[in-house]
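Under our numbering, the first residue of the sequence shown is numbered 121, with each subsequent residue one higher.
Beta carbons: idealized from backbone N, C-alpha and C, even for Gly.
For reference, the structure is listed below as structure tokens.
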Amino acid sequence: MLRLSEIKLPIDHPAEALPAAIVERLGIDKADLLGFTIARRANDARRKSAILMVYSVDVELADEAAILARFAGDPHVRPTPDTEYRFVTQAQPHSPRPVVIGAGPCGLFAGLILAQMGFRPIIVDRGKVVRERTKDTWGLWRRGVLHPESNVQFGEGGAGTFSDGKLYSQIKDPRFLGRKVLTEFVKAGAPPEILTEAHPHIGTFRLVTMVESMRETIQSLGGEYRWQQRVTDFEIAGGKLRGLHLENGDFLEASHVVLAIGHSSRDTFHTLHDRGVHIEAKPFSIGVRIEHPQSWIDRARFGQCAGHPDLGAAAYSLSHHCSNGRSVYSFCMCPGGRVVAAASEPGRVVTNGMSQYSRQEFNANSGLVVGIDPERDYPGHPLAGIALQRRLEEQAFVAGGSNYEAPGQRVGDFLAARPSTALGAVTPSYKPGVHLTDLSSCLPDFAIEALREALPVFGRQIPRYDDPDAMMTGVETRTSSPVRITRGRDFQSLNVAGLYPAGEGAGYAGGILSAAVDGIKVAEAVALSLTA
Ligand SMILES: Cc1cc2nc3c(=O)[nH]c(=O)nc-3n(C[C@H](O)[C@H](O)[C@H](O)COP(=O)(O)OP(=O)(O)OC[C@H]3O[C@@H](n4cnc5c(N)ncnc54)[C@H](O)[C@@H]3O)c2cc1C
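As structure tokens, this is what we get:
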């Protein structure tokens, strides 16, 4: 098979236009095209008056070698890559059972790969199974009741379960491990088009059934889950991990542990630090979530094609370098979604965003965040970033009325440095509710200054982005992990053998896809060590 890329056709092109474009591109007879499949589909909306669909296709030809020779050096005509996943080893009869801490995307894929290799992993999570967890999460959203161990951050599926389920990342992936992730997601019930869409997404309700299906697969291969079992301590002797202490008092003997705890397991970061595990502070970002009617974004991005079924709800990505040396950028943009309460600790308020697969809710939302780093903003201790996050989340809790409502402000009032007292045309979607106030009390001055500078700049890129009635809700503090649990080339902790830091919490991933890919890599390292 050959892969042809950059085949461009006008939106609304008839189906037969694609094979015709392939034949024309290769300069072959129609009869020489034996077959083709779409490998990737994207849209190019840079010219709103002439939006294009851009395809990569895998083609079967009568004389592939001749075509390849004729197009030698052409980056858009090349052999179809071999994306098939191959296991690095298989378990031996008495291989010890590895343990995976965390059932988020990273832990889930580490567990799946280890189970598929026959290692019967034990997966431990402090939270609950996904349907129970959903009830608790809605308890916060509907009744303002936070369950510290069962919420948007903790429980089956991890942080990404209540999300837009965007499945793309910028990671280098020479072994196409991302393809393995997407293929397993489709096996578990994801829509097949995630394998071909340039910017695939799944949406929350589908993610729920998928993690359940993957659990059944792992259990059918001999894997085991332990829910509501927070790992409270690590038994380390002679620089080697001996086992884990669980919340229920059990001791789980273990020589190989995947530590996939996510970016919000602050108590565990403290325990690891106290046990001398090498941890360093890491840059992350803080800010707010901003909302606009999705129709404004669709019109800005797609012009008269706004609402076209092949385009769906428009997304955007913005960034600006400010005169105060800070960068402001859009983070985890959720088209046709809602802002969600993502807190996991009592007395703290945190925002994030989610969408359903249909992306048909009224507003578009995105994090609008400012980059911070240990040197400038939280020097002096590896865990100082956590202390900063907690302080901002507490300020937001108080500014929101100390009942898990979130502080909110109209963009017009924010730019004019005055508190909001009434809503305009945009209704905020955060539940249990938004308390109108002045967000400048919830973030450091440099961040407020940077946001005030960036908004009009973004308003010139996306008309009405800085509309006075656009809404801001705060605070967005869990953009990525504030720490890195350092590991060596063998994926083991720098100073504790047998401990394999992985995923977003350990500072090696950001997002569902990259966390899952990191889970596969770490599982392979564990498997090779267990069979060495
Ligand atoms: C609301 C929201 C929306 C998001 N939307 C997207 C999106 O659309 N696309 C995208 O790519 N990314 C999104 N993200 C980010 C994405 O969810 C994370 O990057 C990803 O989940 C990280 O995976 P992980 O497995 O490393 O950690 P996590 O998913 O955070 O999982 C960690 C797991 O470890 C468990 N755990 C923690 N400590 C312990 C302990 N001591 N003992 C036992 N278990 C423990 C937790 O309960 C949790 O289940 C979103 C995040 C949030 C919060």
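Identify every residue that forms a DSSP beta bridge with Ile417. On the sequence shown, position 297 is the one that residue 417 refers to. DSSP, once it has assigned bridges, lists no residue as partnering Ile417.
What are the complete alpha helix (DSSP H) segments, minimum 4 residues, inside the segment 280–308? 297–307
Measuring alpha carbon to alpha carbon, tell me which residue in Gln612, Val577, Leu503 and Ser486 is nearest Glu596. Counting from 1 along the sequence shown, the entry for residue 596 is found at position 476. Of the listed residues, the one whose Cα sits closest to Glu596 is Ser486.
Limits of the unbroken alpha helix (DSSP H) element including His390: The residue labelled residue 390 in the question sits at position 270 within the sequence shown. Segment Arg386 to Asp394, the alpha helix (DSSP H) holding His390.
Just mark Gln210 as buried or exposed, buried being the case when its beta carbon has 16 or more other beta carbons within 10 Å. By one-based count along the sequence shown, residue 210 stands at place 90. By the neighbour-count rule (16 or more Cβ atoms within 10 Å), Gln210 is not buried but exposed.
Does at least one heavy atom of ligand 1 sit under 7 Å from the Cβ of Gly238? Looking up residue 238 in the sequence shown gives position 118. The answer is no for Gly238.
Note down the Cα distance separating Ile568 from Leu508, rounded to an integer number of angstroms. Taking the first residue of the sequence shown as 1, we reach residue 568 at position 448. Taking the first residue of the sequence shown as 1, we reach residue 508 at position 388. Going from the Cα of Ile568 to the Cα of Leu508 covers about 16 Å.
Does the pairing of the segment 382–397 with the segment 596–606 give three or more beta-carbon distances under 8 Å? yes
Per DSSP, cross-strand counterpart(s) of Met453: In the sequence shown, counting from the first residue as 1, residue 453 sits at position 333. None, per the DSSP bridge assignment.
Assuming Pro455 and Ala434 are in contact, meaning their beta carbons sit under 8 Å apart, how far apart are those beta carbons, in whole angstroms? Within the sequence shown, numbered from 1, the residue matching residue 455 stands at position 335. Within the sequence shown, numbered from 1, the residue matching residue 434 stands at position 314. Their Cβ separation, rounded to whole angstroms, is 6 Å, which keeps Pro455 and Ala434 in contact under 8 Å.
Of the choices Asn163, Tyr345, Gly323 and Val143, whose alpha-carbon is the least far from that of Arg217? The residue labelled residue 217 in the question sits at position 97 within the sequence shown. Residue Tyr345 is the option with its Cα nearest to Arg217.
Lys300, buried or exposed, once every other Cβ within 10 Å from all chains shown has been counted against 16: Position 180 of the sequence shown, counted from the start, is the residue given in the question as residue 300. Label assigned to Lys300: buried.
Just curious, the beta strand (DSSP E) that Ala401 is in, first and last residue? By one-based count along the sequence shown, residue 401 stands at place 281. From DSSP, the beta strand (DSSP E) with Ala401 extends over Ile399 to Ala401.
I'd like to confirm something about Asn472: is its beta-carbon nearer than 7 Å to some heavy atom of ligand 1, or not? Residue numbering aside, residue 472 sits at position 352 when the sequence shown is read from its first letter. Yes; taking the cut-off as 7 Å, the Cβ of Asn472 has a heavy atom of ligand 1 nearer than that.
Please confirm whether any heavy atom of ligand 1 lies closer than 7 Å to the CB of Asp370. Reading the sequence shown from its first residue, position 250 is the one you call residue 370. For ligand 1, not one heavy atom lies less than 7 Å from the Cβ of Asp370.
Can you tell me which of the three DSSP states Lys128 falls into? Walking along the sequence shown from the start, residue 128 turns up at place 8. Here Lys128 sits in strand by DSSP.
Going by alpha carbons, who is nearest to Phe451 out of Ser437, Ser443 and Cys442? What you label residue 451 is simply residue 331 of the sequence shown in a count that begins at 1. Of the listed residues, the one whose Cα sits closest to Phe451 is Ser437.
For Ser385, is the beta carbon positioned less than 7 Å from some heavy atom of ligand 1? To locate residue 385, count along the sequence shown from 1; it is residue 265. Flag set: Cβ of Ser385 near ligand 1.
Where Gly231 falls: helix, strand or coil (DSSP): Indexing the sequence shown from 1 puts residue 231 at position 111. Residue state, collapsed to three classes: helix.
So who's on the other strand from Ala526, going by DSSP bridges? As a working note, residue 526 is residue 406 in the sequence shown. Paired residues: Val554.
Are the CB atoms of Gly278 and Gln348 nearer to each other than 8 Å? On the sequence shown, residue 278 is found 158 positions in, with the first residue counted as 1. On the sequence shown, residue 348 is found 228 positions in, with the first residue counted as 1. Going by C-beta atoms, Gly278 is not nearer than 8 Å to Gln348.
From Arg510, Ser125, Arg604 and Gly407, residue whose alpha carbon lies closest to that of Asp194: If you number the sequence shown from 1, residue 194 lands on position 74. Taking only the C-alpha atoms, the option nearest Asp194 is Ser125.
In DSSP terms, what Val177 is bridged to: Translated into positions along the sequence shown, residue 177 becomes position 57. Per DSSP, Leu124 and Ile158.
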